[in-house]
Structure formats: structure tokens, C-alpha cells
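These notes are about the structure you will find just below.
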Amino acid sequence: MSSKKLRNVYVAGKRTSMRLEAAFWEGLEEIAQRESLTLGELCNRLAERVDAVDASNLSSAVRVYVLDYFRAGTPKRPDNGYTPGYTPLAIAAE
Numbered sequence: 001m002s003s004k005k006l007r008n009v010y011v012a013g014k015r016t017s018m019r020l021e022a023a024f025w026e027g028l029e030e031i032a033q034r035e036s037l038t039l040g041e042l043c044n045r046l047a048e049r050v051d052a053v054d055a056s057n058l059s060s061a062v063r064v065y066v067l068d069y070f071r072a073g074t075p076k077r078p079d080n081g082y083t084p085g086y087t088p089l090a091i092a093a094e
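When you line the sequence shown up against my numbering, it's residues 1 to 94, in that order.
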């Protein structure tokens, strides 16, 4: 059973389906809200960039975009090991 959710969106006035993991749907919805866009408007913009992000389809372009969007807002850790406001991701040990 797939953990991906299938949803319909309208791109260029045509209904299309995308199958994405729940986390990507949530990220896409959050981005749309932050940017004052509807989900459809954001998907339209991403559909125009499928080739620009080296993706083979809209679902792949969405995944790349969501990852890039949130990466851009994350402080990068410098070589000296200290960044104000940077909190490393805790990885649980078994």
C-alpha cells in the first residue's frame, strides 16, 4: 500500500493528478499560504518550471521545489561549528 496521496489539481485550466507523500502536500499547502497563493496557482507556476528544476514530471518538480523552499530558510552550519540560531537535527539512536 502506497503512503502517497493522490489529489487533483488544475494546471493551465486542465485537471491533472499528482501523487505525493503527505509531508509534501503539507509543505506545498504551507508555501501557498505563505506566498498568498492558492494551491492551483502555485502548481501552475511550478508546471512552468518542470524543465528548469530538471524534473521529469510535475510531482517531481513539486518535491524539488518544496525541499528547496524550506532549505533556503534554514541556516547553514559554518565550518567552525557555530551558527547563531542553528539547532542541529537530533537523530534518535537505536
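Beta carbons: idealized from backbone N, C-alpha and C, even for Gly.
**Request:** State the CB to CB distance for the pair isoleucine 31 and leucine 20, rounded to an integer number of angstroms; the pair is presumed to be in contact (CB under 8 Å).
**Result:** With a Cβ gap of about 13 Å, isoleucine 31 and leucine 20 do not count as contacting.
- request: Hey, could you find the ends of the alpha helix (DSSP H) serine 59 is sitting in?
  value: 58-72
C-alpha gap between glycine 13 and phenylalanine 70, whole angstroms:
28 Å
Task: When Leu6, Val62, Ser36 are compared against valine 50, the one with the closest alpha-carbon - done: Val62
query: Buried or exposed: which applies to leucine 67, given that a residue is buried once 16 or more other Cβ atoms fall within 10 Å of its Cβ?
result: exposed
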